[in-house]
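**Student:** Below you will find the structure I want to go over with you.
Protein chains: 2
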Amino acid sequence: MATISDVIESFLKELIRQSQGQAVEIQRNEIAKHFDCAPSQINYVLTTRFSVQHGYTIESQRGGGGYIKIMRLRPERNPSVHQILMEEIRDNVTKTQAVRLIRALQEQNLINDREARLMRAATSDVVLASPLNNRDYMRSRILKAMLSALIH
Amino acid sequence: MATISDVIESFLKELIRQSQGQAVEIQRNEIAKHFDCAPSQINYVLTTRFSVQHGYTIESQRGGGGYIKIMRLRPERNPSVHQILMEEIRDNVTKTQAVRLIRALQEQNLINDREARLMRAATSDVVLASPLNNRDYMRSRILKAMLSALIH
DNA sequence: TATTATTAAAGTCAAAGATAGTCAACCAAT
DNA sequence: ATTGGTTGACTATCTTTGACTTTAATAATA
Numbered sequence: 001m002a003t004i005s006d007v008i009e010s011f012l013k014e015l016i017r018q019s020q021g022q023a024v025e026i027q028r029n030e031i032a033k034h035f036d037c038a039p040s041q042i043n044y045v046l047t048t049r050f051s052v053q054h055g056y057t058i059e060s061q062r063g064g065g066g067y068i069k070i071m072r073l074r075p076e077r078n079p080s081v082h083q084i085l086m087e088e089i090r091d092n093v094t095k096t097q098a099v100r101l102i103r104a105l106q107e108q109n110l111i112n113d114r115e116a117r118l119m120r121a122a123t124s125d126v127v128l129a130s131p132l133n134n135r136d137y138m139r140s141r142i143l144k145a146m147l148s149a150l151i152h
Numbered sequence: 001m002a003t004i005s006d007v008i009e010s011f012l013k014e015l016i017r018q019s020q021g022q023a024v025e026i027q028r029n030e031i032a033k034h035f036d037c038a039p040s041q042i043n044y045v046l047t048t049r050f051s052v053q054h055g056y057t058i059e060s061q062r063g064g065g066g067y068i069k070i071m072r073l074r075p076e077r078n079p080s081v082h083q084i085l086m087e088e089i090r091d092n093v094t095k096t097q098a099v100r101l102i103r104a105l106q107e108q109n110l111i112n113d114r115e116a117r118l119m120r121a122a123t124s125d126v127v128l129a130s131p132l133n134n135r136d137y138m139r140s141r142i143l144k145a146m147l148s149a150l151i152h
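These protein sequences, in sequence, are chains H and S. At position 10 of the first sequence the residue is numbered 10 (the UniProt record's numbering), and the sequence of numbers has no breaks. At position 61 of the second sequence the residue is numbered 61 (the UniProt record's numbering), and the sequence of numbers has no breaks.
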């Protein structure tokens, strides 16, 4: 039996298909109203059926003019990167593993030097060793680290 | 979803572009009337989208004959913009602020499209909203996000 | 002329409005 | 008993509005 989540999933995929494929932007409350369900149900559908593992990424914004944008990954844009993304990166990657992976990406010419710097910066221990669990604080440190990487 | 603030932002940027580039002078009340919004809305747009870290400076005068002058900074003539950017990034940067900053960097040709994607990915809410305070876990999510950014 | 009042701007800040996110409790079907 | 789905209370974030303040130019007055 199709649950409401299944129905919403199909609906969203149909939307993406109709929009020639790669992305669609929705209002969470509208969709929820349309299917007469709780708004948070949309989040459930997104996390269980539109994750990176499923081949999608999500982008959203709160507040007035808020939205949720669902984008399909395009493996054909870079099959090697896609394969690495899907098969090689587990849920726990140590700093050493990250450094090796980034170097490998570079050696296969999948990323250039600047991009490698950005990645090392964003995943460095310095950045991630946060005493507070504060998103904005971490984000600013990540941004600073990435800009530093491009300047020095 | 384009908010009225977004529309005003585009309008002002278009004005600057048309004026061959570097500066434009407006009347706050006129713009507000034109877009049928509160005058203070203009200030909101200016502070959220035309600050120094976005590559602009503002100059204004109150009273009779008052005005607001928006000037574009020129990074190529002023290398210390890098310095300004580093100093302007506070310890708390929201996602929206990060997105706008990254776009400004791009508009000033300090980073290219791929680099902007990497930065947005590494600083996205999805990545940083970690319930666990686990470095390796976060790092893998950041890496995945960055790779996704290169293929979507 | 010097001073004061009036008018015409722009600035500030906090409250209200509009979205989306999180999380834990509850429910249903294996 | 476990897994997956549903709901709603609470939270976070961004935008819009308006009352009040500040400043500058001009007009009126001493």
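By construction, the Cβ of each residue, glycine as well, lies at the ideal position given by its N, Cα and C atoms.
Do I68 of chain S and S60 of chain S have their C-beta atoms within less than 7 Å of each other?
**Tutor:** In contact: I68 of chain S and S60 of chain S (Cβ atoms closer than 7 Å).
**Student:** Starting from residue 224 of chain H, find everything on chain S with Cβ-Cβ shorter than 7 Å and list it in chain order.
**Tutor:** It is not possible to answer for residue 224 of chain H, since the shown part of chain H is limited to 1 through 152.
**Student:** Which residue marks the beginning of the alpha helix (DSSP H) containing V45 of chain S, and which one marks its end?
**Tutor:** Segment P39 to R49, the alpha helix (DSSP H) holding V45 of chain S.
**Student:** Determine, using beta carbons only, whether V13 of chain S comes closer than 7 Å to chain H.
**Tutor:** In the sequence as displayed, the identity of residue 13 of chain S is Lys instead of Val. K13 of chain S does not count as touching chain H.
**Student:** Can you give me the C-alpha to C-alpha distance between R74 of chain S and V45 of chain S, rounded to a whole angstrom?
**Tutor:** Cα to Cα, the separation comes out at about 21 Å.
**Student:** Tell me the DSSP secondary structure of V81 of chain S in three-state form.
**Tutor:** Unreliable positioning characterises V81 of chain S in this predicted model, as indicated by a pLDDT of 49, which lies under 50. The coordinate reading is nonetheless provided below. Correct three-state label for V81 of chain S: helix.
**Student:** Spell out whether any CB of chain H is found under 7 Å from the CB atom of L147 of chain S.
**Tutor:** For L147 of chain S, the answer is yes, since a Cβ of chain H falls inside 7 Å of its Cβ.
**Student:** At which residue ranges does the region 3–38 of chain H contain complete beta strand (DSSP E) runs of 3 or more residues, listed in the order of the chain?
**Tutor:** DSSP runs (the beta strand (DSSP E)) wholly in the region 3–38 of chain H: 23–26.
**Student:** For chain S, find out if any of its Cβ atoms is closer than 7 Å to the Cβ of A98 of chain H; answer yes or no.
**Tutor:** Chain S contact via Cβ: present.
**Student:** Can you find a C-beta in chain S that's less than 7 Å from the C-beta of T123 of chain H?
**Tutor:** Interface residue, yes.
**Student:** Under 7 Å between C-beta atoms, does I26 of chain H make it to chain S?
**Tutor:** No, I26 of chain H lies away from the interface with chain S (no Cβ there is under 7 Å from its Cβ).
**Student:** Would you tell me roughly how many angstroms separate the C-alpha atoms of A104 of chain S and G63 of chain H, rounded to the nearest one?
**Tutor:** Roughly 22 Å separates the two Cα atoms.
**Student:** Just the chain H side, please: which residues come within less than 9 Å of S3 of chain S by C-beta, in chain order?
**Tutor:** Reading the sequence as shown, one finds Thr at residue 3 of chain S and not Ser. Those within 9 Å of T3 of chain S in chain H are G63, G64 and G65.
**Student:** Among S:H34, S:K33, S:G65 and S:R72, whose alpha-carbon lies nearest the alpha-carbon of V52 of chain S?
**Tutor:** Closest by alpha carbon: S:R72.
**Student:** Residues in its own chain within less than 7 Å of D125 of chain S by CB, not counting five upstream and five downstream?
**Tutor:** So the list reads K95, once near-sequence residues are dropped.
**Student:** Bridge partners for T57 of chain S per DSSP, in chain order?
**Tutor:** Partner(s): S:M71.
**Student:** State yes or no: is the beta carbon of L118 of chain S nearer than 7 Å to at least one beta carbon in chain H?
**Tutor:** So yes, L118 of chain S belongs to the interface.
**Student:** Is the beta carbon of R139 of chain H less than 7 Å from the beta carbon of V99 of chain S?
**Tutor:** No, the Cβ-Cβ distance between R139 of chain H and V99 of chain S is not below 7 Å.
**Student:** Is the beta carbon of I4 of chain H sitting closer than 7 Å to the one on C37 of chain H?
**Tutor:** Yes, they are a contact pair.
**Student:** Grab me the residues of L143 of chain S's own chain with a C-beta within less than 6 Å of its C-beta, minus the 5 sequence neighbours each way, in chain order.
**Tutor:** Answer for L143 of chain S: no residue qualifies.
**Student:** Check whether the Cβ atoms of A122 of chain H and A122 of chain S sit closer than 7 Å, and answer yes or no.
**Tutor:** Cβ atoms of A122 of chain H and A122 of chain S: closer than 7 Å.
**Student:** If distances are taken between C-alpha atoms only, which option among S:A32, S:Q106 and S:L147 comes closest to P79 of chain H?
**Tutor:** Nearest option by C-alpha distance: S:L147.
**Student:** With a cut-off of 8 Å on the beta carbons, I'd call H8 of chain S and I58 of chain S a contact; round off their distance for me.
**Tutor:** Looking at the sequence itself, residue 8 of chain S is Ile, so the reference to His does not match. Wrong, their Cβ atoms sit about 14 Å apart, outside the cutoff.
**Student:** Run through DSSP, which three-state label would I111 of chain S get?
**Tutor:** Looking at I111 of chain S - three-state DSSP - the assignment turns out to be coil, as it is neither helix nor strand.
**Student:** Check whether the Cβ of V81 of chain H lies closer than 7 Å to any Cβ atom in chain S.
**Tutor:** True, the Cβ-Cβ gap to chain S drops below 7 Å.
**Student:** Among H:F35, H:I102, H:G66 and H:I26, whose alpha-carbon lies nearest the alpha-carbon of M119 of chain H?
**Tutor:** The residue with the shortest Cα to Cα distance from M119 of chain H is H:I102.
**Student:** Would you verify that the beta carbon of I142 of chain H is, or is not, closer than 7 Å to some beta carbon of chain S?
**Tutor:** True, the Cβ-Cβ gap to chain S drops below 7 Å.
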